[in-house]
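Undergrad: Residue numbers (this note's numbering), protein chains in the order written: chain P, 74 to 190; chain H, 968 to 1080.
Glycine included, each C-beta is placed from N, C-alpha and C at the ideal position.
It should be emphasised that the depicted structure is a prediction, and the values quoted were computed from it without experimental measurement.
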Amino acid sequence: ETGVTQTPRHLVMGMTNKKSLKCEQHLGHNAMYWYKQSAKKPLELMFVYNFKEQTENNSVPSRFSPECPNSSHLFLHLHTLQPEDSALYLCASSQDASGALNTGELFFGEGSRLTVL
Amino acid sequence: DQQVKQNSPSLSVQEGRISILNCDYTNSMFDYFLWYKKYPAEGPTFLISISSIKDKNEDGRFTVFLNKSAKHLSLHIVPSQPGDSAVYFCAASVVNNFNKFYFGSGTKLNVKP
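1. Please report the straight-line C-alpha distance between residue 1071 of chain H and residue 113 of chain P, rounded to a whole angstrom.
2. Closer than 6 Å by C-beta to residue 83 of chain P: which residues in its own chain qualify, once you throw out the five before and the five after it? Chain order, please.
3. Residues of chain P with CB closer than 8 Å to the CB of residue 971 of chain H, please, in chain order.
4. Mind pulling the chain P residues with CB within less than 8 Å of residue 1059 of chain H?
5. Would you mind working out which of P:189, P:94, P:155, P:180 sits nearest residue 105 of chain P, comparing C-alpha positions?
6. I'd like the list of long-range same chain contacts for residue 90 of chain P, defined as Cβ closer than 7 Å, with 5 residues on each side in sequence excluded.
7. Specify the secondary structure class of residue 158 of chain P as computed by DSSP and reduced to three states.
8. Would a check of beta-carbon distances place residue 1011 of chain H closer than 8 Å to chain P?
9. Please state whether the Cβ-Cβ distance between residue 999 of chain H and residue 1062 of chain H is less than 8 Å.
10. At a CB distance below 9 Å, what residues from the region 121 to 138 of chain P approach chain H? Give them in sequence order.
11. Could you have a look at residue 1051 of chain H and say whether DSSP puts it in helix, strand or coil?
12. Go to residue 997 of chain H, then tell me how far its beta strand (DSSP E) extends in each direction, as first and last residue.
13. Using 8 Å as the Cβ pair cut-off and three pairs as the minimum, do the region 980 to 987 of chain H and the region 1029 to 1047 of chain H touch?
14. Within 10 angstroms of the Cβ of residue 157 of chain P, are there 16 or more other Cβ atoms? Answer buried if so, exposed if not.
15. So, under 8 Å CB-CB, residue 1068 of chain H and residue 118 of chain P are touching, yes? Tell me the CB distance rounded to an integer number of Å.
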């Protein structure tokens, strides 16, 4: 089993749809992240969860709603998105989001390619 | 405002030669830097890191150099191999706040056989 698994790998949705992206990590990590990668742009941090608590919301519009029911699972609920939200959404995990022993290494999933029509 | 910049979107190098990927940052508070490698249809994978207390870190064919005064880091790959062809991202953070990594926009490296 790969360390961080994302489903679905590809998603096409209309602007009025509601869909969810799912992320699962099998690494025993305590921190999980959502990043957005648009073409030719840097990876943008969206949300951080540390021990199931949201510790970072990087000014993300409310049409993106994260959910972290436990340290192994992370969801991104999508509602009334815009075409400019089309991007690759990457989930990542790390040992935890702080701490002296943390190397800072993020383990990424393969991403969910979202297209909003 | 982009705090980490990779000004070369692409780089082409002959197999066996050196690849040098560059990264600049603006925030002097950054004290920890990482390089990630990304193949198509895969997520980024960690390659090498460096703390600001060092100016060089080496791991096999990969060496990262940090110039704090210039706020510049570079990744050297020697010798380059066709399997190194990928997009390389640099990232920066503050050690006490791994909540937030700032990434560059990536450099696509093509190593020609």
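TA: Let me lay it out:
1. Residue mapping note: residue 1071 of chain H aligns to position 104 of the second sequence, counting from 1. Residue mapping note: residue 113 of chain P aligns to position 40 of the first sequence, counting from 1. About 10 Å.
2. Your numbering for residue 83 of chain P matches position 10 in the first sequence. Result list for residue 83 of chain P: 186, in chain order.
3. Taking the first residue of the second sequence as position 1, residue 971 of chain H is located at position 4. Within 8 Å Cβ-Cβ: 115.
4. As a working note, residue 1059 of chain H is residue 92 in the second sequence. Residues of chain P passing the Cβ test: none, with the nearest at roughly 10 Å.
5. Here residue 105 of chain P corresponds to residue number 32 of the first sequence, with the count starting at 1. Considering only alpha carbons, the answer is P:180.
6. Residue 90 of chain P sits at position 17 when you count from the first residue of the first sequence. The answer is none, since no qualifying residue turns up.
7. Locating residue 158 of chain P in the first sequence gives position 85, counting from the first residue. It is helical.
8. As a working note, residue 1011 of chain H is residue 44 in the second sequence. Answer yes: the Cβ-Cβ gap between residue 1011 of chain H and chain P drops below 8 Å somewhere.
9. The residue labelled residue 999 of chain H in the question sits at position 32 within the second sequence. The residue labelled residue 1062 of chain H in the question sits at position 95 within the second sequence. Yes, these two residues count as a Cβ contact at 8 Å.
10. 121, 123, 128, 129, 131
11. The count along the second sequence starts at 1 and reaches residue 1051 of chain H at position 84. DSSP places residue 1051 of chain H in helix when its eight states are reduced to three.
12. For the purposes of this step, residue 997 of chain H is taken as residue 30 along the second sequence, with counting starting at 1. Neither: residue 997 of chain H is in no beta strand (DSSP E) and is coded neither H nor E.
13. yes
14. Within the first sequence, the letter at position 84 stands for residue 157 of chain P. Its Cβ having fewer than 16 others within 10 Å, residue 157 of chain P is exposed.
15. Along the second sequence, read from residue 1 onward, the residue named residue 1068 of chain H stands at position 101. Along the first sequence, read from residue 1 onward, the residue named residue 118 of chain P stands at position 45. Right, their Cβ atoms sit about 7 Å apart.
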